[in-house]
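Trainee: Here the working numbering is used: the first residue of the sequence shown is 17, the next is one more, and so on. Have a look at this one.
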Amino acid sequence: MPLLTRIRGPRDLDRLSPEQLDQLAAEIRTFLVDAVSKTGGHLGPNLGVVELTIALHRVFESPRDRVLWDTGHQSYVHKLLTGRQDFSKLKMKGGLSGYPARAESDHDVIENSHASTVLGWADGLAKANEVLKKDDHVVAVIGDGALTGGMAWEALNNIAAAKDRPLVIVVNDNERSYAPTIGGLANHLATLRTTDGYERFLAKGKDLLERTPVVGKPLYETLHGAKKGLKDFIAPQGMFEDLGLKYVGPIDGHDIDALESALQRAKRFGGPVIVHCLTEKGRGYQPALADEADRFHAVGKIHPDTGLPVSTSGLDWTSVFGEEMVKLGKEREDIVAITAAMLQPVGLDKFAKAFPERVYDVGIAEQHAAVSAAGLATGGLHPVFAVYATFLNRAFDQVLMDVALHKCGVTFVLDRAGVTGTDGASHNGMWDMSILQVVPGLRIAAPRDADQVRAQLREAVEVEDAPTVVRFSKGAVGPAVQAVGRVGGMDVLREPSAGAVRPDVLLVSVGALAPMCLEIADLLDAQGISTTVVDPRWVKPVDEALAPLAEKHRVVVTVEDNSRVGGVGSAVSQALRDAGVDVPLRDFGIPPRFLDHASRGEVMTEIGLTAPDIARQVTGLVSKLDGRYEESRAAVEPARD
């Protein structure tokens, strides 16, 4: 009987021998490759933390002891060891989340899938234990990539201030976030990885010195007493200890015995301790190890033996952007690119290959990226900061006060905008068009297809006196949606049926939802409801031509893959009021709640953002207007007799 099937909770690990623990680690890796290859998910990070997770759960007593993960994509092994071994619907509706999830288990404390937050959580939990006089332990597992985030260092500054407040920080150092980790911290960790520790130096020197007559023992004691300075010379972990943090390591992150020993020492210490563990992303799976790009950080469905995709989709939004960036780079020497530790996922890898001196990976530091972009623009360049839509939320103040206030020509390219689905609440890009509406001068483009991504990216980088945003969806991009006309700066995608004196509905389509909006128009047409469909292209500011066009229709409907609260629909409504256009408006979008993980289609169906749902509601709205019209006419006509 496989050992893994006998693990129902962390305490089941206690009775296993060292040999059985090694067997369990091997079984877990086999399980992960088999399970994740069928569903897709974060494979490489989890293959790297198998022994570390086993050791953590043997030394600490979760859930009484709080074990926190940053980021949560490295928590698959944690799920397996806490009784969740059905991965058949990983990241699917009704299945396990790809991140820690409180609804799944008491062992999941925080649902963090945005990086660099865990140390702040840990600081707060440790303070709560101190106030409530609890002896529970708090353990924060943070990847070396997440340590590049400023929030991590803000937290470290506070953690180090309390010398006697217990807190264990485990640095999972695999030299990578998505791609290899870069920056000064990465260089420091690399030094720690490759330099023999002072303890080893002293251990070797002790035998020699103690055999030296007269001066040997006093000299050894002097050296040992000066170990801080010697430590900085032999193994420069002094950066952490200068902060007031006890440092243990580096530890082989695949040696369970060594890990347990280090974690036990950290557990007994009465203050904050950093345990530095060296792990190998993708360990035990050759296709992952051979993948230099990101060691199979995240994969779709793959063949487990080869690691090759089961199927390939068509052209995707990210690739379209990436290819156009290379063309722009060849045409304009002032175009530079910025990524926050996600060069390949946001499509900048080709630009980096073509123009390595014009791309900047700042690490997981979106706030810094935005401010640095402002500096680049002020210095005479045009920076393009490509980032997931959900992650730009973290840099709002910098977009507002550093970029927009200073009228800097910075282009923000937001990948994975709208409903992304399987990664759950934190990864849906459903807030950007609401948050950014309040930024003066900022302009937002929402391309509907690949042609518009290319065209609107070019329009965006021509703006030098204000920030611009180009946002697009996740996954495959559909066929081009051709315009049949133009009103102001808006594309007309469908005109009302001939003979309509005053068309019934003006349907404002935002971005990738254009095909769905055309389907809505077809359904309305079948009900005898005439419809005009327009794509504003630039949704902020609202096109001046929209209000006069709306006045020619009986109803205005907006459809967007963004929160209904403060989104494009709200902006259009305000623009109509400001223009004195009194036309009923109905806005369709994402409701103001966190969405559970499921496929994009399932999420859209659940929230009613589908063509049949919207067409049905618009039909009802037009019917009510017809009823009011008939009632008012009946009331007026008898009075005329």
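Ideal Cβ positions, reconstructed from N, Cα and C, are used throughout, including at glycine. Please read all numbers here as calculations on a predicted model, not as lab measurements.
Can you tell me the Cα-Cα spacing of Asp350 and Ala390, whole angstroms?
Mentor: Roughly 14 Å between the two C-alpha positions.
Trainee: Assign Pro552 to buried or exposed, taking buried as 16 or more other Cβ atoms, counted over all protein chains shown, within 10 Å of its Cβ.
Mentor: Classification of Pro552: buried, given that the 10 Å Cβ count is 16 or more.
Trainee: CA-CA distance, Ile704 and Gly585?
Mentor: Residue 704 cannot be examined here, being either before or after the span of the chain that is shown, 17 to 657.
Trainee: On the premise that Asp612 lies in contact with Ala492, defined as a C-beta separation below 8 Å, what is that separation, rounded to the nearest angstrom?
Mentor: With 8 Å as the limit, Ala492 and Asp612 do not qualify as a contact, their Cβ atoms being about 23 Å apart.
Trainee: For the pair the region 617-629 and the region 580-598, tell me if three or more CB-CB distances fall below 8 Å.
Mentor: No, because fewer than three Cβ pairs between the region 617-629 and the region 580-598 fall closer than 8 Å, the two stretches do not touch.
Trainee: Give the single residue among Ser579, Ala587 and Leu416 whose Cα lies nearest to the Cα of Pro557.
Mentor: The candidate whose alpha carbon is nearest that of Pro557 is Ala587.
Trainee: Just curious, the alpha helix (DSSP H) that Tyr92 is in, first and last residue?
Mentor: Unbroken alpha helix (DSSP H) run through Tyr92: Tyr92 to Leu97.
Trainee: Measure the C-alpha to C-alpha separation of Glu276 and Asp418 and round it to an integer number of angstroms.
Mentor: About 46 Å.
Trainee: Could you tell me which of Asp603, Glu170, Glu347 and Val469 sits nearest to Ala370, measuring between CA atoms?
Mentor: Of the candidates Asp603, Glu170, Glu347 and Val469, the one whose C-alpha sits nearest the C-alpha of Ala370 is Glu347.
Trainee: For Ala631 versus Ala591, is the C-beta distance shorter than 7 Å?
Mentor: No. Outside cutoff.
Trainee: With 16 as the cutoff for other CB atoms within 10 Å, does Thr436 come out buried or exposed?
Mentor: It is buried - the Cβ of Thr436 has at least 16 other Cβ atoms within 10 Å.
Trainee: Considering only the alpha carbon of each residue, which of Thr406, Ser388, Leu408 and Tyr301 lies closest to His422?
Mentor: That would be Ser388, whose Cα lies nearest to the Cα of His422.
Trainee: Taking contact to mean 3 or more Cβ pairs, one atom from each stretch, closer than 8 Å, check whether the region 514-527 and the region 539-553 are in contact.
Mentor: Counting Cβ pairs under 8 Å, three or more are found: they touch.
Trainee: Give a yes or no on whether the C-beta atoms belonging to Leu112 and Leu106 are separated by under 7 Å.
Mentor: Contact: yes.
Trainee: Go through the region 472-507 residue by residue and report every complete run of the beta strand (DSSP E) that reaches 3 residues or more, in order.
Mentor: Runs found: 484-487 and 501-503.
Trainee: Mark Gln302 as exposed unless 16 or more other C-beta atoms lie within 10 angstroms of its C-beta, in which case mark it buried.
Mentor: Gln302 comes out exposed.
Trainee: So within the region 23-91, which uninterrupted alpha helix (DSSP H) runs reach at least 4 residues, ignoring any that extend past its ends?
Mentor: Here the runs fully enclosed are 34-55, 60-63 and 66-75.
Trainee: Counting along the chain, where does the alpha helix (DSSP H) carrying Cys424 start and finish?
Mentor: First-last for Cys424: undefined, no H or E at that position.
Trainee: Whose C-beta lies closer than 6 Å to the C-beta of Pro463 among residues of the same chain, with five residues either side of it excluded?
Mentor: Within the same chain, Pro463 has close Cβ partners Val469, Gln472 and Phe488.
Trainee: Hey, would you say Ala386 sits closer than 7 Å to Ala405, going by beta carbons?
Mentor: Result no, Cβ atoms of Ala386 and Ala405 do not sit closer than 7 Å.
Trainee: Let's see if you can read the secondary structure: which residues bound the beta strand (DSSP E) around His292?
Mentor: It spans Pro288 to Leu294 - the beta strand (DSSP E) in which His292 sits, taken as one unbroken run.
Trainee: To the nearest angstrom, how far is the alpha carbon of Glu308 from that of Val186?
Mentor: Each residue's alpha carbon lies about 25 Å from the other.
Trainee: Give me the Cα-Cα distance between Arg510 and Thr21, rounded to the nearest whole angstrom.
Mentor: Approximately 58 Å between the Cα atoms of the pair.
Trainee: Could you please give me the residues that DSSP links to Trp554 through a beta bridge?
Mentor: Its beta-bridge partners are Ala461.
Trainee: Leaving aside the five residues before and after Phe285 along the sequence, list all residues of the same chain whose C-beta is less than 8 Å from its C-beta, in chain order.
Mentor: So the qualifying residues of the chain are Pro182 and Lys262.
Trainee: Taking the alpha-carbon positions, what's the Glu215 to Val264 distance?
Mentor: Low confidence applies to Glu215: its pLDDT is 47, below 50, so where it sits in the model is not reliable enough to give any reading.
Trainee: With C-beta atoms as the reference, is Ala171 less than 7 Å away from Ile380?
Mentor: No, the Cβ-Cβ distance between Ala171 and Ile380 is not below 7 Å.
Trainee: Do you know whose CA, among Val429, Tyr92 and Gly396, lies nearest Phe337's CA?
Mentor: Closest by alpha carbon: Val429.
Trainee: Within the same chain, show all residues whose beta-carbon is closer than 7 Å to that of Leu201, passing over the 5 residues directly before and after it, in chain order.
Mentor: Note that Leu201 has pLDDT 49, beneath the 50 cutoff, so the model's placement of it is unreliable and the number below is only indicative. Only Leu163 and Thr164 meet the Cβ criterion.
Trainee: Glu296: which of Ala306, Val289 and Ala282 sits nearest, CA to CA?
Mentor: For the residues Ala306, Val289 and Ala282, the minimum Cα distance to Glu296 belongs to Ala306.
Trainee: Can you tell me where the beta strand (DSSP E) holding Ala309 begins and where it ends?
Mentor: That residue, Ala309, is in no beta strand (DSSP E); it is neither H nor E in DSSP.
Trainee: Please go through the same chain and pick out, in chain order, the residues whose beta-carbon is closer than 8 Å to the beta-carbon of Ala177, but skip the five residues on each side of it.
Mentor: Excluding positions up to five away in sequence, the list reads Gly260.
Trainee: Could you check which residue in Ser589, His313, Gly287 and Lys568 has the C-alpha nearest to that of Lys179?
Mentor: Minimum Cα distance to Lys179 is reached at Gly287.
Trainee: Can you tell which of Ile70, Ser121, Asp439 and Thr87 has the C-alpha that lies nearest to the C-alpha of Pro61?
Mentor: Per the Cα distances, Thr87.
Trainee: Measure the C-alpha to C-alpha separation of His89 and Gly114 and round it to an integer number of angstroms.
Mentor: Whole-angstrom Cα-Cα distance: 6 Å.
Trainee: Pick helix, strand or coil for Tyr236, following the three-state DSSP scheme.
Mentor: Legend: pLDDT at Tyr236 = 46, less than 50; position of this residue unreliable, value from coordinates given subsequently. Three-state result, Tyr236: helix.
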